[in-house]
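Right, one structure below, let's go through it.
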Amino acid sequence: MRAVQITRFGGPEVLDVVDLPDPTPGEGQQLFDVSTAGVNYADTHQIENSYLAAQQLPLVPGAEFVGTPAGGGPRVVGLLDGGGYAEKVAAHPRLTWQVPDGVTDEQALAVVLQGSTAYHLLRTSAHLAAGETVVVIAGAGGVGSLAVQLARRWGAGRVIATASSPEKRALTEELGADASVDPALADDDPRAFTAALREANGGRPVDVVLEMTGGNVFAGSLSALAPFGRVVTYGMAARQETAAVPPGVLLQKSRAVVGFWLAHCMARPAMLDDAMTELLPLVADGALRPVVGGRYPLSAVREAHQDLLARRTTGKLVLDPSR
Numbered sequence: 000m001r002a003v004q005i006t007r008f009g010g011p012e013v014l015d016v017v018d019l020p021d022p023t024p025g026e027g028q029q030l031f032d033v034s035t036a037g038v039n040y041a042d043t044h045q046i047e048n049s050y051l052a053a054q055q056l057p058l059v060p061g062a063e064f065v066g067t068p069a070g071g072g073p074r075v076v077g078l079l080d081g082g083g084y085a086e087k088v089a090a091h092p093r094l095t096w097q098v099p100d101g102v103t104d105e106q107a108l109a110v111v112l113q114g115s116t117a118y119h120l121l122r123t124s125a126h127l128a129a130g131e132t133v134v135v136i137a138g139a140g141g142v143g144s145l146a147v148q149l150a151r152r153w154g155a156g157r158v159i160a161t162a163s164s165p166e167k168r169a170l171t172e173e174l175g176a177d178a179s180v181d182p183a184l185a186d187d188d189p190r191a192f193t194a195a196l197r198e199a200n201g202g203r204p205v206d207v208v209l210e211m212t213g214g215n216v217f218a219g220s221l222s223a224l225a226p227f228g229r230v231v232t233y234g235m236a237a238r239q240e241t242a243a244v245p246p247g248v249l250l251q252k253s254r255a256v257v258g259f260w261l262a263h264c265m266a267r268p269a270m271l272d273d274a275m276t277e278l279l280p281l282v283a284d285g286a287l288r289p290v291v292g293g294r295y296p297l298s299a300v301r302e303a304h305q306d307l308l309a310r311r312t313t314g315k316l317v318l319d320p321s322r
């Protein structure tokens, strides 16, 4: 089968399209033919070996796919612990969900990892309450574009998004954000970012921030919180660890910092079922709009990663293994 493999760690240049043997299903797994593979920002960390779990070489990146069981069967979307950038994958059926008619491969892939993340950021980690102000960092991205819509749907009083260009900020407002902010304000001084978030909230502090950058964006987000506010951090896009948070900083305003990584839900499949059984029907009904950022041939995987890293994309990126 054709697959993307890396044999050394680095940037997009280490992604090679090669021929490999078909994967051998392990205990409880099944072989699937892949029609579309999903690309996530975390994949760029994986190939650098700069993410939360240490990686072993050689490896085939990719944590999600849409496909059908080898030999025939319904179209499903599924999660993997690796191997998704390929024509075939070995997956556990317990981590697959049937794709409703009318939902495209791209839409299903937007929901399975990024949508489930947005779901649990708001419901499980932030415990969003009606009327609260929610800030979504990278609101035009895969997770962010869905989180903006879900926060609005689930009763947020005000939704503020950040995005790196006027076009992306306009998209977040089209999706339901009440205001948008340029995250570049945090580049030199997190206090400028704090001030911008509060200004976007009518001069008031905010209740919830969904944060995936780290560095000054994290620091500015934490300072923007109201009493009992929560920062939920789920990424490190800036490639820098956030400075330690002194207990006094939390105590002063009863603030909280919560971490979230969807990998822990894979050990609790019922948590993923909760998300998928709610989100897929919303997509099928048109009530939730996944933003599709681009479909790349498998042979153009380096370009996909380059575009993602350069912030040239919005929404969900996918790979076509047949090309």
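The opening residue of the sequence shown carries number 0 in numbering that gives the first Met the number 0; numbering runs sequentially from there.
Each residue gets a CB set at the ideal place from its N, CA and C atoms; glycine is no exception.
Once DSSP output is grouped into helix, strand and coil, what is the label at residue i?
i	result
Pro323	Past the edges of the chain, shown from 0 to 322, lies residue 323, and the structure says nothing about it.
Asp306	helix
Val244	coil
Ser321	coil
Val16	strand
Arg294	strand
Ser164	coil
Ala323	It is not possible to answer for residue 323, since the shown part of the chain is limited to 0 through 322.
Gly179	The sequence as given places Ser at residue 179; Gly does not occur at that position. If DSSP states are grouped into helix, strand and coil, Ser179 belongs with the strands.
Leu278	helix
Arg7	coil
Ala199	helix
Gly141	helix
Leu316	strand
Thr269	Per the sequence presented here, residue 269 reads as Ala, with Thr not at that position. Reduced to three states, the DSSP call for Ala269 is helix.
Arg190	helix
Val59	coil
Ala90	strand
Leu224	strand
Arg151	helix
Tyr118	helix
Asn48	coil
Thr23	coil
Gln28	coil
Gly219	helix
Ala283	helix
Thr43	helix
Gly214	helix
Measure the C-alpha to C-alpha separation of residue i and residue j and round it to an integer number of angstroms.
i	j	result
Pro68	Arg74	8 Å
Tyr84	Asp32	12 Å
Arg122	Gly10	34 Å
Ile136	Gly71	41 Å
Gln406	Ala160	A query on residue 406 cannot be resolved here, the shown segment of the chain reaching from 0 to 322 and no further.
Leu79	Arg93	11 Å
Asp188	Met0	49 Å
Gly228	Leu261	22 Å
Asp273	Ala117	12 Å
Lys315	Gly37	8 Å
Leu108	Phe64	7 Å
Ala225	Pro246	16 Å
Ile46	Pro60	7 Å
Val102	Glu277	14 Å
Val110	Ala299	23 Å
Ala185	Phe192	5 Å
Arg311	Ser164	10 Å
Gly214	Val230	13 Å
Gly141	Glu26	32 Å
Arg152	Gly114	14 Å
Glu210	Arg197	16 Å
Val244	Ser179	26 Å
Arg7	Gly292	28 Å
Arg203	Leu145	25 Å
Gly66	Asn39	18 Å
Gln4	Ala62	14 Å
Val17	Ala41	22 Å
Asp181	Arg168	8 Å
Ala218	Ala195	13 Å
Across which residues does DSSP place residue i in a beta bridge pair?
i	result
Arg229	Val207 and Ala255
Val344	This structure leaves residue 344 out entirely; the chain is present only between 0 and 322.
Arg157	Thr132
Val33	Gly66
Ala125	According to DSSP, Ala125 bridges with nothing at all.
Arg1	Asp18
Val38	Leu316
Just checking: is the beta-carbon of residue i within a distance shorter than 8 Å of some beta-carbon in chain D?
i	result
Gln54	Reference to chain D is not applicable here, since this structure consists of a single protein chain.
Under 7 Å: does the beta carbon of residue i sit that close to some heavy atom of the ligand ATP?
i	result
His44	Absence of the ligand ATP is noted for the structure shown, with no ligands found whatsoever.
Check whether the region 294-307 and the region 129-137 are in contact - that is, three or more C-beta pairs closer than 8 Å.
no
Three or more beta-carbon pairs under 8 Å between the region 107-127 and the region 9-24, yes or no?
no
Are at least three pairs of beta-carbons, each pair with one atom in the region 253-260 and one in the region 150-169, less than 8 Å apart?
no
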